[in-house]
Amino acid sequence: MGRLCFVVWVHLFRVAVLSAICPVFAEVHGIELGVGLGALEEGDDRMRGALVAQVGWQNEYASRLFYASRHMGPVSERTIILSAIKHWSVFKNKFLRADVGPVIMNERIEIGFSQPADQDYDRSENNFNIGGVVGLNLGIPTGKLLFETSWNSHIFPAGIAGIFLASGRKQTLSVTVGMRL
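The sequence shown begins at 1 in my numbering and counts up one residue at a time.
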């Protein structure tokens with residue numbers, strides 16, 4: 001988790017420095033940078049905490065990265081969700097927007113026993129999936145500051161079971177704060 005957070009912060013720092021060096025670029029493109037906290041629900045009605053990073057353009061497009069992990073005894077699970085979102089105004093309201101776009105997910109599950117006799121049962125599984133995202137976003141315009149809260153449902157075909165019209169989903173709630181450059 002530490003390494004991923006470091007990579008995200010370095011990337012956001014690079015975008016901020018580039019925008020500060022080129023003020024014309026920032027004004028024309030309307031870049032938004034934000035970080036926040038979120039919750040991830042996977043169909044079991046139990047939410048778990050997540051970190052959120054967001055990069056937006058012209059208050060119309062955004063890319064969100066969710067990172068959530070949990071440990072249960074010898075089992076560790078890490079979920080990374082990256083979505084590209086197009087915002088659509090709802091009822092011509094400048095605060096409420098609908099989110100639609102593609103999404104990719106990587107979920108890694110590791111089982112690791114500490115006892116040498118049990119280490120033969122260690123396993124790891126890496127699940128990668130592509131799907132779509134739909135949701136609602138409430139943004140409060142505050143000039144240079146960015147404050148958004150959103151609910152999104154990420155829907156994925158469930159592997160080979162997609163033939164049988166089965167699907168998986170990851171629902172997210174998030175609160176993001178940041179700045180507009």
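Beta carbons: idealized from backbone N, C-alpha and C, even for Gly.
Please state the DSSP three-state secondary structure of residue i.
i	result
C22	With a pLDDT of 49 at C22, under the threshold of 50, the modelled position of that residue is not reliable, and no figure is offered here.
E27	Unreliable placement is indicated for E27, whose pLDDT of 47 sits below 50; no coordinate value is reported for it.
G73	coil
Which residues bound the beta strand (DSSP E) around residue i?
i	result
R108	93–111
S114	First-last for S114: undefined, no H or E at that position.
R123	123–142
Would you kindly check if the distance between the Cβ of residue j and the Cβ of residue i is under 8 Å?
i	j	result
V35	G178	yes
V175	T149	yes
L40	A84	no
E77	I111	no
M47	I80	no
G135	F156	no
E107	H87	no
L37	G49	yes
Q182	G101	Since the displayed the chain opens at 1 and closes at 181, residue 182 lies outside it and no answer follows.
E42	K144	no
Going by DSSP, name the residue or residues bridged to residue i.
i	result
S63	V55, A84
L40	R48, T172
L181	DSSP, once it has assigned bridges, lists no residue as partnering L181.
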